[in-house]
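Colleague: Attaching a single structure in structure tokens format; questions to follow.
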Amino acid sequence: MKELLEVIAKNLVEHPDQVTVSEKEGDRACILELKVAPEDMGKVIGKQGRIAKAIRTVVKAAAIHEDKKIIVEIVQ
1 MKELLEVIAK NLVEHPDQVT VSEKEGDRAC ILELKVAPED MGKVIGKQGR
51 IAKAIRTVVK AAAIHEDKKI IVEIVQ
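Just so we're aligned: 3 in full-length UniProt numbering is position 3 of the sequence shown, and the numbers increase by one with no gaps anywhere.
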């Protein structure tokens, strides 16, 4: 899942070298934290959060195949 999120984010932003994804194991779910350059935050979030919601949907759909619960957080 980490690789999928990284590929999606790198294709959306202007500074793909500054995209990092960190993975944290929680009690019930795996948390993926996406960090991008400050000027690329708008491109990852999108208008009214549509792109962020779409990213979360794709990652969750891929996680269903592995029987995992994934939470995607976009942080600065």
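Even for Gly, the Cβ is constructed at its ideal location relative to N, Cα and C.
Considering only the alpha carbon of each residue, which of D40, K43, K60 lies closest to V72?
Modeller: Your numbering for residue 72 matches position 72 in the sequence shown. It is K60 whose Cα lies nearest to the Cα of V72.
Colleague: Using 8 angstroms as the cut-off, can you tell me whether the segment 7-24 makes contact with the segment 39-53, which would need three or more C-beta pairs spanning the two stretches below that distance?
Modeller: Yes, since at least three Cβ pairs between the segment 7-24 and the segment 39-53 fall closer than 8 angstroms, the two stretches touch.
Colleague: Is the beta carbon of V75 closer than 8 angstroms to that of I8?
Modeller: Reading the sequence shown from its first residue, position 8 is the one you call residue 8. Reading the sequence shown from its first residue, position 75 is the one you call residue 75. Not a contact, by the Cβ cut-off of 8 angstroms.
Colleague: When DSSP builds the beta bridges, which residues end up paired with V21?
Modeller: Stepping through the sequence shown from its first residue, residue 21 is reached at position 21. Its beta-bridge partners are L34.
Colleague: For V44 versus L12, is the C-beta distance shorter than 8 angstroms?
Modeller: On the sequence shown, residue 44 is found 44 positions in, with the first residue counted as 1. On the sequence shown, residue 12 is found 12 positions in, with the first residue counted as 1. Yes; because the gap between Cβ atoms is below 8 angstroms, this pair is in contact.
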